[in-house]
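Chemist: Heads up: the sequence shown begins at 2 in our numbering, then just goes up one per residue. Quick one: structure below, then a few questions.
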Amino acid sequence: MTTFSFELYPPRNAAAEVALQDSLAHLVASRPEFISVTYGANGSTRGMSLGVLRQLLATDVKPMAHLTCVGSSYAEASRLIREFLDAGVTSFLALRGDPPRGATEADAFLGDLGSASELVQLIHRVQAERSPFSLADVPGFPGAKKVASGEKVTIAVAAFPNGHPRSRSVEQDLDTLLAKEAAGANLAISQLFFHADDYLGFVDRARAAGVTMRILPGIMPVLSPQRLARILQLTDEAEPIALRRALASTDDPEAQRAIGIEHATALGADLLAGGASGLHLYTFNQHAAVLDVLEGVGVLHDSKEHA
Ligand code: FAD
Numbered sequence: 002m003t004t005f006s007f008e009l010y011p012p013r014n015a016a017a018e019v020a021l022q023d024s025l026a027h028l029v030a031s032r033p034e035f036i037s038v039t040y041g042a043n044g045s046t047r048g049m050s051l052g053v054l055r056q057l058l059a060t061d062v063k064p065m066a067h068l069t070c071v072g073s074s075y076a077e078a079s080r081l082i083r084e085f086l087d088a089g090v091t092s093f094l095a096l097r098g099d100p101p102r103g104a105t106e107a108d109a110f111l112g113d114l115g116s117a118s119e120l121v122q123l124i125h126r127v128q129a130e131r132s133p134f135s136l137a138d139v140p141g142f143p144g145a146k147k148v149a150s151g152e153k154v155t156i157a158v159a160a161f162p163n164g165h166p167r168s169r170s171v172e173q174d175l176d177t178l179l180a181k182e183a184a185g186a187n188l189a190i191s192q193l194f195f196h197a198d199d200y201l202g203f204v205d206r207a208r209a210a211g212v213t214m215r216i217l218p219g220i221m222p223v224l225s226p227q228r229l230a231r232i233l234q235l236t237d238e239a240e241p242i243a244l245r246r247a248l249a250s251t252d253d254p255e256a257q258r259a260i261g262i263e264h265a266t267a268l269g270a271d272l273l274a275g276g277a278s279g280l281h282l283y284t285f286n287q288h289a290a291v292l293d294v295l296e297g298v299g300v301l302h303d304s305k306e307h308a
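This is the structure we're talking about:
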């Protein structure tokens, strides 16, 4: 079955918190595989992120916590991972993180952990310490027990179909992804991109290099020229010229919205036709556009539930 999942960010103020409740209810009702919640630079959103994750834990939808290496000692990062595990979160997106506002790549902004791979290893270590093993039934021998491995956690990592801005070559991006899988990652989620071939070609190269974990494509409906400009600034992706021209061809926000939905729907359909096992949607904390895209692609479980 084709899966879909969403990314949210923690609300930044009371009004955003109220708006998020409405979106969260619609997104949960669509029964995604998981909903991931971002983590601000330097742990600035720790409490808010955990609040949204706890809310998701009260639903049937699996929450995924983003964690970064920024500014943490081993001890602090271990404590944070334990806090999330104790709350019941067993899915993580392990990231290096970007320099906080005012800092650059040249500044020492990371702390003890230098890369996402090291964070992946630390999450496994903390999980193994909490739950080193459990007892499982032995098939065919009623009452007999055997030692089973500890509870499994999902550890996702970032992938960059068009290259990470800091990476010097395609090979470096592939090596980094391989290193994350070798460290124990079992899922990759891609940076957003605008052409299906960017992702499909990247997956081919990753498989040829030996990456075996699922690589989910991350996509976002872009509903205005201003939003497009902001996304390009944040991601360093190349400008999708046809989409930029189409969005600039009208001043009507409704028409621009329709153009953005149509583009993301066509992209989603091409990705699934090309072999992607699911779609991960960046929601910008708004449900309507991403659900319209999923409806258009035809992957919502039961569209009546989202009316
Ligand atoms: P890494 O895999 O550790 O490395 C990034 C790149 O740097 C690699 O491609 C590699 O080529 C290069 N590199 C790594 N180590 C070295 C080295 N020693 N020398 C030279 N080059 C090296 N950021 C947040 O702050 N919060 C979030 O919630 C968040 N969510 C995200 C979700 C997704 C799906 C994605 C794609 C990104 C997200 N980010 C988030 C942004 C992310 O933190 C940045 O893109 C960051 O710059 C890279 O993170 P990474 O985990 O890929 O790093």
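Yeah, the Cβ is synthetic: ideal placement off N, Cα and C, and Gly gets one too. Note that this is a predicted model, so its numbers are computed, not measured.
1. Tell me the residue span of the alpha helix (DSSP H) that contains M65.
2. Could you spell out where the alpha helix (DSSP H) holding E238 opens and where it closes?
3. Is the beta carbon of D174 less than 9 Å from the beta carbon of A160?
4. Under the criterion of a Cβ to heavy atom distance below 8 Å, does T177 qualify as lining the ligand MG?
5. DSSP on F194, reduced to helix/strand/coil?
6. What I want to know is whether the C-beta of R97 ends up closer than 8 Å to one or more non-hydrogen atoms of the ligand FAD.
7. Should S37 and S6 be called a contact, given that it needs their Cβ atoms to be closer than 9 Å?
8. Taking 8 Å as the cut-off, is the CB of Q122 close to at least one heavy atom of the ligand FAD?
9. Helix, strand or coil: how does DSSP classify S304 here?
10. Look up H165 in the DSSP assignment and say whether it is helix, strand or coil.
11. Alpha carbon to alpha carbon, how far is R235 from E8?
12. When the distance is taken between beta carbons, is L188 closer than 9 Å to A230?
13. Which whole-angstrom value is the C-beta distance of T46 and P11, which I expect to be below 8 Å?
14. Hey, how far is the Cα of L248 from the Cα of T39?
15. Can you look up T4 in the DSSP assignment and give me helix, strand or coil?
16. Report buried or exposed for P33, applying the criterion of at least 16 other Cβ atoms within 10 angstroms of its Cβ.
17. Does the segment 237 to 253 come close enough to the segment 266 to 279 that 3 or more CB-CB pairs lie under 8 Å?
18. Tell me V158's beta-bridge partners as DSSP assigns them.
19. Could you please give the first and the last residue of the uninterrupted beta strand (DSSP E) stretch that includes F285?
20. For I36, which beta-bridge partners are listed by DSSP?
21. P218 and G261: beta carbons closer than 9 Å?
22. Any chance you could list the beta strand (DSSP E) runs of at least 3 consecutive residues sitting entirely within the segment 196 to 233, in chain order?
23. Quick check on G48: does DSSP put it in helix, strand or coil?
24. Kindly list the residues whose CB is nearer than 6 Å to the CB of R258, restricted to its own chain and excluding five residues on each side of it in sequence; keep chain order.
Modeler: Reading off the structure:
1. By one-based count along the sequence shown, residue 65 stands at place 64. Where M65 is concerned, there is no enclosing alpha helix (DSSP H), although the beta strand (DSSP E) it sits in stretches over 63 to 69.
2. Counting from 1 along the sequence shown, the entry for residue 238 is found at position 237. Premise fails: E238 is in no alpha helix (DSSP H) and is neither H nor E.
3. By 1-based counting over the sequence shown, the position of residue 174 is 173. By 1-based counting over the sequence shown, the position of residue 160 is 159. A contact, by the Cβ cut-off of 9 Å.
4. As presented, the structure is devoid of the ligand MG, carrying the ligand FAD as its sole ligands.
5. By one-based count along the sequence shown, residue 194 stands at place 193. DSSP places F194 in coil when its eight states are reduced to three.
6. What you label residue 97 is simply residue 96 of the sequence shown in a count that begins at 1. Within the cutoff, so yes.
7. Locating residue 37 in the sequence shown gives position 36, where the first residue counts as 1. Locating residue 6 in the sequence shown gives position 5, where the first residue counts as 1. Against a cut-off of 9 Å, the Cβ pair of S6 and S37 comes out as a contact.
8. Position 121 of the sequence shown, counting from 1, holds the residue named residue 122. Judged by the Cβ position, Q122 fails to qualify as a neighbour of the ligand FAD at the 8 Å threshold, every heavy atom of the ligand being at least this far.
9. Taking the sequence shown and counting its residues from 1, one reaches residue 304 at position 303. Interpretation of S304 is limited by its pLDDT of 48, a score under 50 that renders its predicted location unreliable; the figure taken from the coordinates is listed afterwards. Helix.
10. As a working note, residue 165 is residue 164 in the sequence shown. Here H165 sits in coil by DSSP.
11. Translated into the one-based positions of the sequence shown, residue 235 becomes position 234. Translated into the one-based positions of the sequence shown, residue 8 becomes position 7. First, the amino acid is wrong: residue 235 is Leu here, not Arg. The straight-line gap from Cα to Cα measures roughly 16 Å.
12. Here the question's residue 230 lines up with position 229 in the sequence shown. Here the question's residue 188 lines up with position 187 in the sequence shown. Cβ atoms of A230 and L188: not closer than 9 Å.
13. Numbered from 1 along the sequence shown, position 45 holds the residue referred to as residue 46. Numbered from 1 along the sequence shown, position 10 holds the residue referred to as residue 11. Rounded, the Cβ-Cβ distance is 5 Å, consistent with contact.
14. Within the sequence shown, residue 248 is the residue found at index 247, counting from 1. Within the sequence shown, residue 39 is the residue found at index 38, counting from 1. So the alpha carbons of these two residues sit roughly 28 Å apart.
15. Locating residue 4 in the sequence shown gives position 3, where the first residue counts as 1. In this structure, T4 counts as strand in the three-state DSSP scheme.
16. For the purposes of this step, residue 33 is taken as the residue at position 32 of the sequence shown. So P33 ends up on the buried side.
17. no
18. Position 157 of the sequence shown holds residue 158. Beta bridge pairing from DSSP links V158 with A95, A189.
19. Position 284 of the sequence shown, counting from 1, holds the residue named residue 285. Here F285 belongs to no beta strand (DSSP E), and DSSP marks it neither H nor E.
20. Sequence index remark: in the sequence shown, residue 36 carries index 35 (1-based). According to DSSP, I36 bridges with F7, P64.
21. Here residue 218 refers to the residue found at position 217 when the sequence shown is read from its first residue. Here residue 261 refers to the residue found at position 260 when the sequence shown is read from its first residue. It is not a contact, given that the beta carbons lie outside the stated cut-off.
22. Runs of beta strand (DSSP E) with 3 or more residues, each lying fully within the segment 196 to 233, are found at 215 to 217, listed in chain order.
23. Position 47 of the sequence shown holds residue 48. Residue state, collapsed to three classes: helix.
24. Numbered from 1 along the sequence shown, position 257 holds the residue referred to as residue 258. Contacts found: L224.
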